[in-house]
Amino acid sequence: MAGETFTLADAASQRAFAERGGAGGLSRWATFRDQECADGNSSEADDTCSGVAQAEGALAKALGGCPSTPPPDTAP
Numbered sequence: 001m002a003g004e005t006f007t008l009a010d011a012a013s014q015r016a017f018a019e020r021g022g023a024g025g026l027s028r029w030a031t032f033r034d035q036e037c038a039d040g041n042s043s044e045a046d047d048t049c050s051g052v053a054q055a056e057g058a059l060a061k062a063l064g065g066c067p068s069t070p071p072p073d074t075a076p
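Going by my numbering, the first residue of the sequence shown is number 1, and it counts up by one from there.
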């Protein structure tokens, strides 16, 4: 579905919003999907990968960290 992909930029934005609001933390429910699909296909849902161009663990890194650490580069 167009516009339904949660990107690395979305993760960094969500983290910044949480930090501004004083949230204690963020979590990701499907860490096993925190990797790019082997075939590079991002047009279909897949239960083994994120569907976005990324390094392994990039979404967790974008959501994690501490306020003194800047968010990672969100470029694919």
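Heads up, the beta-carbon is just placed ideally off N, CA and C, and yes, glycines get one too.
Annotation: R33 is outside any alpha helix (DSSP H) and is labelled neither H nor E by DSSP.
Short of 8 Å from the beta carbon of A38, and not among the five residues preceding or following it, lie these beta carbons of its own chain, in chain order: C49.
For G21, the uninterrupted alpha helix (DSSP H) segment begins and ends at 8–21. Linking G22 to A12 through their CA atoms gives a straight-line distance of about 15 Å. Taking C-beta separations shorter than 7 Å and ignoring five residues to either side along the sequence, the partners of T31 in its chain run A60, following chain order.
Under a 10 Å Cβ-count criterion, D34 is classified as buried, with 16 or more other Cβ atoms of the shown protein chains found around its own Cβ. Secondary structure of L26 (DSSP, three-state): coil.
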